[in-house]
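S.K.:
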Amino acid sequence: MAQECNKKSILLVEDEQEIADIVMLHLGDLNYSITHTADGIKGLTLALQGSWDLILLDLTLPRIDGLDICKQVRESNPATPIILISARSEESERVLGLDVGADDYITKPFSIDELIARVKAVLRRVDALQGLVATDVVSVNGIVLDPLRHTVSITGRAVNLTAREFELLLHFAKSPGQVFNRTELLEKVWGTRHDGYLHTVNSHINRLRSKIESNPAKPEYIQTVWGVGYKLMA
Ligand code: CA
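Residues 12 to 245 in the numbering used here are what the sequence shown lists, from first letter to last.
#1: In the DSSP assignment, find the alpha helix (DSSP H) that holds I30 and state where it starts and stops.
#2: For the structure I just gave you, are there three or more beta carbon pairs, one from the segment 208–220 and one from the segment 175–189, closer than 8 angstroms?
#3: Taking only the alpha-carbon atoms, compute the straight-line gap between Y241 and N171 and give it to the nearest angstrom.
#4: Name the DSSP bridge partner or partners of V151?
#5: Pull up the CB-CB distance for M35 and L23, whole angstroms please, since I reckon it's below 8 angstroms.
#6: Closer than 6 angstroms between the C-beta and any heavy atom of ligand 1: which residues qualify, listed along the chain?
#7: What three-state label does DSSP hand A98 in the structure shown?
#8: For T162 and A169, I'd like the C-alpha separation in whole angstroms.
#9: Which runs of the alpha helix (DSSP H), 4 residues or longer, sit entirely within the segment 63–99?
#10: Using the C-alpha atoms, what's the distance from T173 back to S221?
#11: For M12, collect the residues of the same chain with a Cβ closer than 6 angstroms to its Cβ; drop the 5 residues on either side in sequence, then sort them by chain order.
#12: Work out the CA separation of V148 and S103 for me, nearest whole Å.
#13: Using CA coordinates, which residue listed in V130, P187, R204, K185 is at the minimum distance from K19?
#14: Would you be able to state if there are at least three C-beta pairs under 8 angstroms between the segment 185–204 and the segment 229–244?
#15: Looking only at its own chain, which residues have a Cβ that is under 6 angstroms from the Cβ of L38, when we skip the five neighbours before and after it?
#16: Kindly indicate which three-state DSSP category Q234 falls into: helix, strand or coil?
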């Protein structure tokens, strides 16, 4: 059963049984191994204990908020991809979610095709990172990224980045000095062209700056090119 060993493991924390059933049915069809819990505290415990390829996390849960779970998971595990599932009314929570380190979010009601596309995109990205070899270390302007070990240092100081933040910085670092607009970044780093996610790019840029810049208000590394986009200083 070699294939079983390669099954991606997904933790689903969702208290709406109907949604959980649909997600489990369709992702199960794609041969992912899904563990589901409707309880937030149990979800947090599972998230912290297990080794997951992906966590699908509902925002509004009994006993504990999805945001708190996200925050706590990120403290001990910067790399596991997290996709938030939020209701349309939870716009501000969703932005907060990206701020506490979620990689992506999907809004209820979502189509199963959209969910599958996002899950696949996230897992593909992680696979691509793991497929890189140690010689692919990227070094620019005092920033050193090691895709194999998923480590980043800024002038010797280790920095913890989420999978998406890492991918974003890596994208910049591979073409120092080149300006990318948000649509390009969305396409290359998020694997989507959906305009509704453009502000996600801003969120991640801000988050990244808060981690790598000594003064995020006056960034030395990731510069805004007004009216065009962003670039990493060469
Ligand atoms: Ca809920």
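Where is the CB? At the ideal position from N, CA and C, for every residue including glycine.
Predicted, not measured: the structure shown is a model, and the values here were computed from it.
M.R.: According to the structure shown:
#1: Counting along the chain, the alpha helix (DSSP H) containing I30 begins and ends at 28–40.
#2: Segments in contact, yes.
#3: Answer to the nearest angstrom: the Cα atoms are 21 angstroms apart.
#4: Answer is I154, bridged to V151.
#5: About 7 angstroms separates the Cβ atoms of M35 and L23, confirming a contact at the 8 angstroms cut-off.
#6: Chain-ordered, the residues whose CB falls short of 6 angstroms from any heavy atom of ligand 1 come out as D26, E27, D69, T71, L72.
#7: When DSSP states are grouped into helix, strand and coil, A98 belongs to the strand group.
#8: One C-alpha to the other measures close to 7 angstroms.
#9: As far as the segment 63–99 is concerned, its whole alpha helix (DSSP H) runs of at least 4 residues are 77–87.
#10: Whole-angstrom Cα-Cα distance: 13 angstroms.
#11: Annotation note: pLDDT 40 at M12 (below 50); position unreliable, coordinate value reported separately. Spatial neighbours of M12 in its own chain (CB-CB distance under 6 angstroms, excluding positions within 5 residues in sequence) are not present.
#12: Rounded to whole angstroms, S103 to V148 spans 36 angstroms at the Cα level.
#13: The option with the nearest alpha carbon to K19 is V130.
#14: The way I'd put it, the segment 229–244 does touch the segment 185–204; three or more beta-carbon pairs between them come closer than 8 angstroms.
#15: Cβ within range, chain order: I45.
#16: It is a strand residue.
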